[in-house]
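Quick notes on the structure that follows.
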Amino acid sequence: MSQQSPNPGPLVGGPNDPEHDPSASYALDRDLTERLTRRILSTSGEAVLSHAPGTGQPLAHIPQSSDADVEEAFKRARRAQAAWARTSLDVRAELMLRLHDLVLDRAEEICDITVWESGKARKEAYLEAYHVALTARYYARTAHKHLDSERRSGVLPLATRIDVNRVPKGIVGIISPWNYPFTMALCDGLPALMAGNAVVSKPDSQTMLTALLGAELLDQAGFPKDLWTVVAGPGSRVGTGIIERSDYVCFTGSTATGKRVAAGCAERLIGCSLELGGKNPILVLRDASIEKAAEGATRAAFSNGGQLCVSTERMFVADEIYDRFVERFVARTEALALGSGHSWETDMGSLISQDQLDTVQAHVNDAVAKGARILAGGRHRPDLGPYFFEPTILEGVTSDMVCHGNETFGPVISLYRFKNETQAIAAANEGNYGLNASIWTQDGKRGRAIAREIKCGTVNINEAYGATFASLDAPMGGMRESGTGRRQGPEGIHRYTEVQAVGTQRVWGFRPTPGMSNEMFSKVLTSSARLFKKLGRP
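Start counting at 1 in the sequence shown, then tack on 48, and there's your number in our numbering.
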C-alpha cells in the first residue's frame, strides 16, 4: 500500500497515540529507512509513503526517479560494466561467495524488513534469504562450467579451430515484483553479474526497502560501485525507460504487463525473459499418501497467502481417496496460524494490499453466488490486520465462475474429484497458463511419466514447488501465457550472454591450394564429405 507524498520528510499531523492507531508512528527506524532509500537514484523531489500491509503503519517515504534519473543510471552502469566485463570469473565468483555469507549472516535483518514490507510469515521471509544465498553459491561454483569458452568441431580437422565464447549482453534491466521482494530482486540479477553484465533494477514500489537492503549487501560484498543501480517509480515512466535502454530485460509479474514488456523489447530487437501468471494444478492420485499429500497441498495453496507465482489454485483428487483426503486437507487448513507479527510460529500472513484483498473477496463471492461451497475459510479478517483473508477451500467450482480459470493470487483453492487420470490430466492442462504443477503418488516413475503430459515449465512430484525451485541447477519458468525464458541453471545465466563463434584457420584457407582448379577443389570437398560420413563425423 502506498500513497503519493509531496514531501519526503517526517510524518506530521494525525493521531498522537500510536498504541491505538497504527498510522500514528513509523514501524521502522528512520535512520535505517533513510540509509536504504538514499541508494535510489532520484532527483525528482517526489516521494511515495509506503505502509506495512500487516498493520497499516507507515514505513518510509520512497524517493521517485525521473526519466532523467533512469538515463543517468544507465550511463553509470555502462561505465561500470565496461570494467566489470574484463574482471576474471574467479574474482566475480569470490564476490558471490562473500554475498552468500553476508546474506546468511544477516538473515534476521532481511526477515524483519521483508515481513514489515510484504506482510508475509517470517518462515516464508527466511526462505527468500536462503534462496538468494543458494543462488549466489551456485553461480559462483559453476561459473567456469557455464561461461568458459568451448571448443567445437571445425570443418577441416586440424586445419580449422572453432571456439564458442559467451560474452555479456551489457546492461540488464530487472523489473521485480512485491510478492517475494528479496529473492526476486536479487536472484535474477546475480547470474547477470556473474556473466559480466551490469544491472539497473526497478523493484516494486510496495517493497522497495527489502530490495534496497539487497543492493546494500552487494556493495558490502565488494561489487563495484554503479554495477547495480536502483530506480523507483511507476512502470509507465521508469519501467518504460528501462525497456528503452536495456540490452536485455528480465520481468516478473502479470501476464498482461508481460505482454507489453515483450512488445517493447521486440520493437528494439532485444531479448527478454518473462515469468508471468499461473493457474497451477495439483493432482492427487489414488495411490498417494493422504497425510503427506494433505500437508503438501496446504503449503502448495497457502504459502505466502497464495501470493506465489508457483502456488496451487486448482486441485484434482482421485475419487477413491477424495473424501478421506478432503477431511485431512480441511483439518490442516483450519489449523493454520494466521498473524501479522514476526513470530516463527505464524503459518500465513497478510495479503499485500486492498486491491489484492478485493480480488480475493470478489472471486470467493462470485463462486458462492453461483453455487460453490466453502469447505474452509472464506472470510476477510480485519481483526488480524487490514488485508487478512482466511485460507479458503472451495468445492463445486464450475467454468462460469471467475475463479475457475482466472488467477486469484490469494489463499483460495478449488477442489475437483476425478475418476479417470486421462481426464484429470486434460483438466489440469485447460486454460492458457503453464507455470507449475504438483503430482502426488507413491510411484515416482509413474508420476514422472504423467509430468511429461503436463503443460507446465516445472512439475514437482510429492512436493508443492520446492523440489524444482530450491534446486538451483533446475531451470524454472513457464509455458504458454505463463512466460518465456528460464531462471536458474545453465539457462538462467546463458540468457544474459551473446554466443560468439571464433574460427581460426591454420595451414591454408577455405579455398583451392595454389595450382588447383575450382572444379578439382569441389571434387576434393565431395570426397572429404563422403569420407567424413564413413568415419562417423557430424
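We put the beta carbon where it would ideally sit given N, CA and C, even for glycine.
- Assigned with DSSP and collapsed to three states, GLY525 falls in coil, not helix or strand.
- Below 8 Å, enough C-beta pairs join the stretch 134-146 and the stretch 181-194 to call them touching: three or more.
- Secondary structure note for ARG189: its alpha helix (DSSP H) is the uninterrupted segment 170-195.
- Secondary structure of ILE161 (DSSP, three-state): helix.
- Look at TYR370 here: in three-state DSSP terms it is helix.
- Apart from the 5 residues on each side of it in sequence, VAL412 sits with its Cβ closer than 7 Å to the Cβ of GLY426, THR440, VAL460 in its chain, given in chain order.
- Judged by DSSP in its simplified three-state form, ASN566 adopts helix.
- Put simply, the stretch 86-94 touches the stretch 104-119. At least three CB pairs are less than 8 Å apart.
- Taking each of PRO562, ALA243, PHE230 in turn and checking the Cα distance to ALA263, the smallest one comes out for PHE230.
- Taking C-beta separations shorter than 7 Å and ignoring five residues to either side along the sequence, the partners of GLY244 in its chain run TRP132, ALA133, PRO216, following chain order.
- Between the C-alpha atoms of ILE509 and ARG376 there is a straight-line separation of about 20 Å.
- Put simply, the stretch 207-226 does not touch the stretch 342-353. Fewer than three CB pairs are less than 8 Å apart.
- By the 16-neighbour rule on beta-carbons within 10 angstroms, GLU157 is exposed.
- Contact between the stretch 320-334 and the stretch 564-583 is absent: fewer than three C-beta pairs spanning the two stretches fall below 8 Å.
- For ALA472 against VAL445, the beta-carbon gap comes to about 15 Å, at or over 8 Å, which does not count as contact.
- CA-CA distance, ARG214 to GLU361, rounds to 39 Å.
- By the Cβ-count criterion, GLY584 is exposed, with fewer than 16 other Cβ atoms from all chains shown falling within 10 Å of its own Cβ.
- In this structure, the beta-carbon distance from THR303 to GLU529 falls below 8 Å.
- TYR74 and LEU107 have their alpha carbons spaced roughly 5 Å apart.
- Setting aside the 5 residues that flank it on each side, ALA177 is surrounded in the same chain by VAL151, ALA155, ILE158, each with a C-beta closer than 6 Å to its C-beta; the list follows chain order.
- It is roughly 26 Å from the alpha-carbon of SER98 to the alpha-carbon of PHE122.
- Two segments are said to touch when three or more pairs of C-beta atoms, one from each, lie closer than 8 Å; by this definition the stretch 479-490 touches the stretch 509-526.
- Between SER249 and VAL278, the beta carbon gap of about 5 Å places them in contact (Cβ cut-off 8 Å).
- It is roughly 11 Å from the alpha-carbon of GLY531 to the alpha-carbon of THR305.
- In this structure, LEU84 sits near LEU260, with a CB-CB distance shorter than 8 Å.
- Per the C-alpha coordinates, the member of MET396, SER462, ARG127 positioned closest to VAL416 is SER462.
- At the C-beta level, ARG124 and ASP274 come within 8 Å of one another.
- By the CB criterion at 8 Å, HIS428 and GLN402 fall outside the cutoff.
- Within 10 angstroms of the beta-carbon of TRP276 lie 16 or more other beta-carbons, which makes it buried.
- Just measuring C-alpha positions, the residue of GLY479, ALA424, MET527, SER519 sitting nearest ARG500 is MET527.
- Spatial neighbours of ARG372 in its own chain (CB-CB distance under 8 Å, excluding positions within 5 residues in sequence) are listed in chain order as ILE338.
- Closest in alpha carbon position to VAL550, among LEU317, VAL203, CYS504, GLY433, is VAL203.
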